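Protein chains in written order, with the working numbering: chain A, 1 to 329; chain B, 1 to 329. Positions of the beta carbon are idealized from the N, C-alpha and C atoms, including for glycine. Source: prediction; values computed, not measured. Here the structure is laid out as structure tokens; the discussion comes afterwards.
Protein chains: 2
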Amino acid sequence: MIELVQPLLNGDRRALARVLTGVENQQAGDVLAAVYPHTGRAHIIGVTGAPGTGKSTLVAALAGGYRAQHKTVGILAVDPTSPFSGGAVLGDRIRMQSLAGDKGVFIRSMASRGSLGGLASAALDAIRVLDAAGMDVVIVETVGAGQSEVDIARAAHTTLVVEAPGLGDEIQAIKAGLLEIADVLVVNKADRPGAENAVRALRMMLDIGHPVERHHGRFIAASPVSVAEPPPMWIPPVIATVASKGEGIDELLVAISDHHRFLVDHHMLGRLEQEQIEVEICERLRNVLVDRLLESLPQGALMEVVRQVQARQVTPQRAVEVLLGQGHI
Amino acid sequence: MIELVQPLLNGDRRALARVLTGVENQQAGDVLAAVYPHTGRAHIIGVTGAPGTGKSTLVAALAGGYRAQHKTVGILAVDPTSPFSGGAVLGDRIRMQSLAGDKGVFIRSMASRGSLGGLASAALDAIRVLDAAGMDVVIVETVGAGQSEVDIARAAHTTLVVEAPGLGDEIQAIKAGLLEIADVLVVNKADRPGAENAVRALRMMLDIGHPVERHHGRFIAASPVSVAEPPPMWIPPVIATVASKGEGIDELLVAISDHHRFLVDHHMLGRLEQEQIEVEICERLRNVLVDRLLESLPQGALMEVVRQVQARQVTPQRAVEVLLGQGHI
């Protein structure tokens with residue numbers, strides 16, 4: 001695929017599409033290596049939240065806003081669920097059809113094929129490819145509210161968590177458990193009953209969250225020892241939007257831009273990226289190591305320990321020790 | 001903690017509580033090993049679904065149903081989100097207060113502390129402890145709809161996926177992406193408008209899902225080659241409930257029991273357990289291996305490759321190779 005590198009860097013859409021397919025099929029290693037020095041320019045925005053909050057419509061509205069600012073936008077919709085999600089992908093595309101035909105926007109959906117670890121690293125690679133292709137903004141939308149979505153959202157510089165009124169009571173809202181990764185909170189569908197309450201509840205929740213120290217815009221546990229120079233605090237704003245009507249989008253664009261400026265002004269962008277790279281490397285190591293160990297095991301060794309565990313002769317913990325003794329890296 | 005083994009096996013509630021705390025703090029290895037031969041008796045039921053579907057109320061209603069059948073019930077509420085989820089745990093307990101004071105029910109909440117891998121294995125260990133303590137039924141409720149919740153739900157013999165009307169349109173329902181792990185689909189809050197549509201949409205979706213072969217009650221991709229003897233098929237029933245009023249619970253109990261009988265009659269329980277054990281062992285291996293490699297690295301080696309990746313001098317993929325060369329297991 002190496003012949004696609006130069007067209008990709010020139011922003012050629014067909015090259016971009018083909019490289020992204022290569023990334024999904026784990027066949028783009030050489031292209032990734034070649035374009036990697038050209039990454040690091042885009043502002044990466046993560047958008048996550050429970051189903052039903054209108055994330056795709058919001059992403060389309062945001063993209064429209066950036067287009068009005070003459071910025072190019074790459075959209076990556078990541079669905080960590082299953083083969084069944086073909087329908088969801090189609091749905092997203094329908095919702096984003098307002099963007100169709102605009103050469104300044106590139107939309108791509110990625111669904112899980114096989115392991116989740118595989119999806120997360122493919123998503124990171126896809127973000128880099130969109131970045132290298134010259135997108136000013138890359139928006140990564142993840143479906144659902146589980147840890148995997150959180151992990152993918154954390155690859156962003158600015159993470160939007162989207163809520164909507166009427167999805168459940170306040171306790172359920174906390175349950176979604178996304179507050180602490182939010183740099184900007186969005187209450188979408190704000191023309192529905194209960195929107196003001198939702199905004200108020202979220203603002204209150206952020207107050208209850210104190211005292212916590214914030215660190216490049218994310219909560220960390222308050223340290224028991226006093227620190228000489230506490231890091232500057234970013235308090236996530238709560239923005240009400242009606243994405244389907246374009247309401248609140250300008251305010252949201254300002255909030256996102258404020259957060260980016262906060263990171264830059266306080267020299268936090270580099271530290272954030274450093275942490276993200278460390279997490280990514282450890283995840284990749286994890287996957288490579290287990291693959292190597294399993295390949296090195298004698299024929300049938302794994303099945304034999306599984307049989308013993310199932311027969312309640314050994315615990316799963318002990319089985320792991322046995323396999324570590326039998327294999328090598 | 002080894003002195004707790006006999007009381008635990010006798011069903012002593014204080015011993016059970018203390019061992020579960022030990023499991024959460026990863027300090028119960030000896031107890032787990034001692035009680036492991038006494039596990040494998042309980043019927044393990046996973047309950048998952050998006051926030052707002054009323055899972056906790058449904059779990060409480062199910063537990064009440066089993067109590068009426070004189071079965072003992074362990075409930076494990078697993079929240080793969082964050083420290084913030086203390087509130088959710090409290091909320092669950094409030095919702096389940098109808099069960100308070102019943103010695104035949106034991107409720108425990110587990111929240112994420114540190115790594116998700118840690119939570120998933122702690123949850124598996126906690127299920128085994130409840131099983132060893134003599135619970136006839138162990139209900140594992142997970143919050144959210146991400147891969148991590150799916151992984152935990154897969155540890156069950158029978159997985160319930162809970163939906164509710166009005167949480168979003170059909171596309172969103174597919175998006176939750178939980179259909180293919182469902183052994184029984186529940187449309188809770190069925191007294192709300194749209195419930196019949198939701199039931200119909202889910203039944204239709206299951207039809208669209210064909211032709212797929214089903215395998216111990218879960219979807220797998222249809223094989224392109226014809227198989228001499230196709231595995232028997234379990235078609236997940238769709239049950240409408242109003243858990244808060246106890247409506248539909250009897251029907252749901254029958255559906256769960258039908259699924260369990262299906263697994264037993266077709267000798268699928270053993271195969272299911274075998275697959276679950278294999279997944280668990282590989283996950284545990286993954287965590288142990290990366291920990292060992294990182295510990296073996298020369299001082300500062302990880303930070304140095306992170307720096308090089310951040311400076312765009314090497315790709316994350318190359319960084320992994322470098323670390324594999326510098327460390328050992």
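Going by beta-carbon coordinates alone, are residue i and residue j separated by less than 8 Å?
i: Asp330 (chain A); j: Ala60 (chain A); result: Summary: the structure shown does not reach residue 330 (chain A), with chain A confined to residues 1 through 329, and so no result is reported for it.
i: Ala201 (chain B); j: Thr241 (chain B); result: no
i: Ala301 (chain B); j: Leu272 (chain B); result: no
i: Leu56 (chain A); j: Asp79 (chain A); result: A quick correction: the sequence has Ser, not Leu, at residue 56 (chain A). No, the pair does not count as a contact, with Cβ atoms beyond the cut-off.
i: Leu289 (chain B); j: Leu289 (chain A); result: yes
i: Gly11 (chain B); j: Gly134 (chain B); result: yes
i: Ala182 (chain B); j: Val199 (chain B); result: no
i: Leu62 (chain A); j: Ile249 (chain A); result: yes
i: Gly46 (chain B); j: Leu130 (chain B); result: no
i: Asn197 (chain B); j: Gly54 (chain B); result: no
i: His70 (chain A); j: Ala132 (chain A); result: no
Is residue i close to chain A, meaning its C-beta is less than 8 Å from at least one C-beta of that chain?
i: Pro316 (chain B); result: yes
i: Val309 (chain B); result: yes
i: Val5 (chain B); result: no
i: Leu323 (chain B); result: yes
i: Gly29 (chain B); result: yes
i: Glu163 (chain B); result: no
i: Ile127 (chain B); result: no
i: Arg18 (chain B); result: no
i: Arg312 (chain B); result: yes
i: Ile2 (chain B); result: no
Any C-beta of chain B sitting closer than 8 Å to the C-beta of residue i?
i: Leu272 (chain A); result: no
i: Ala319 (chain A); result: yes
i: Gln326 (chain A); result: no
i: Ile75 (chain A); result: no
i: Arg192 (chain A); result: no
i: Leu185 (chain A); result: no
i: Gln141 (chain A); result: In the sequence as displayed, the identity of residue 141 (chain A) is Glu instead of Gln. No, its Cβ sits nowhere closer than 8 Å to a Cβ of chain B.
i: Glu278 (chain A); result: yes
i: Leu285 (chain A); result: yes
i: Ile107 (chain A); result: no
Relative to the alpha-carbon of residue i, which residue among the options has its alpha-carbon at the smallest distance?
i: Gln6 (chain B); options: B:Gln27, B:Val290, B:Ala33; result: B:Ala33
i: Trp234 (chain B); options: B:Arg261, B:Val322, B:Glu321, B:Pro37; result: B:Arg261
i: Ala65 (chain B); options: B:Lys245, B:His266, B:Val264, B:Leu285; result: Here residue 65 (chain B) turns out to be Gly, not Ala, going by the sequence shown. The candidate whose alpha carbon is nearest that of Gly65 (chain B) is B:Lys245.
i: Ile152 (chain B); options: B:Glu304, B:Gly11, B:Glu180, B:Ala122; result: B:Ala122
i: Ala28 (chain B); options: B:Asp265, B:His259, B:Met1, B:Ala111; result: B:Met1
i: Ala15 (chain B); options: B:Val31, B:Ala77, B:Gln26; result: B:Val31
i: Phe106 (chain B); options: B:Val305, B:Leu119, B:Val140, B:Leu124; result: B:Val140
i: Gly49 (chain A); options: A:Val264, A:Ala164, A:Asn25; result: A:Ala164
i: Val320 (chain B); options: A:Ala311, A:Glu280, A:Leu76, A:Ala255; result: A:Glu280
i: Val238 (chain A); options: A:Gly22, A:Val184, A:Arg286, A:Gln276; result: A:Val184
i: Ile366 (chain A); options: A:Val305, A:Cys282, A:Asp291, A:Gly270; result: As shown, chain A starts at 1 and ends at 329. That puts residue 366 (chain A) outside it, with no answer to give.
i: Ala68 (chain A); options: A:Leu8, A:Asp102, A:Thr53; result: A:Asp102
i: Gly284 (chain B); options: B:Val264, B:Asp265, B:Leu124; result: Note on residue identity: the sequence assigns Arg, not Gly, to residue 284 (chain B). Checked all of B:Val264, B:Asp265, B:Leu124; the closest Cα to Arg284 (chain B) is B:Leu124.
i: Thr158 (chain A); options: A:Ala243, A:Gly166, A:Leu253, A:Arg203; result: A:Leu253
i: Arg203 (chain B); options: B:Pro236, B:Pro232, B:Arg13; result: B:Pro236
i: Thr21 (chain A); options: A:Glu251, A:Val309, A:Ala126; result: A:Ala126
i: Leu269 (chain B); options: B:Leu9, B:Arg154, B:Gly104, B:Glu24; result: B:Arg154
Based on DSSP bridge pairs, tell me the residues matched to residue i.
i: Thr48 (chain A); result: A:Val161
i: Met110 (chain A); result: A:Val78
i: Ile329 (chain B); result: According to DSSP, which records beta bridges pairwise, Ile329 (chain B) is partnered with nothing at all.
i: Val184 (chain B); result: B:Leu160
i: Thr142 (chain A); result: A:Val78
i: Val105 (chain B); result: B:Val73
i: Val238 (chain B); result: B:Leu185
i: Glu247 (chain B); result: B:Val242
i: His43 (chain A); result: A:Val137
Kindly examine the ligand MG and report whether one of its heavy atoms sits closer than 7 Å to the Cβ of residue i.
i: Glu163 (chain A); result: Because no ligand of any kind appears in the structure shown, any question about the ligand MG cannot be addressed here.
Got a sec: is the Cβ-Cβ distance from residue i to anything in chain C below 8 Å?
i: His43 (chain A); result: Considering every chain present, this structure includes no chain C. Its protein chains are A and B.
Handout entry: Within 9 Å of chain A by C-beta, residues of the stretch 32-50 of chain B in sequence order
Key = Leu32, Ala33, Tyr36, Pro37, His38, Thr39, Gly40, Ala50
Practice task
Could you run through the stretch 287-307 of chain B and flag, in chain order, every residue whose CB is less than 9 Å away from some CB of chain A?
Solution key: Asn287, Val288, Leu289, Val290, Arg292, Leu293, Leu294, Leu302, Met303, Val305, Val306, Arg307
Exercise for the section: Check distances from the C-beta atoms of the stretch 233-267 of chain A to those of chain B and list, in chain order, the residues that come in under 7 Å. Expected result: none
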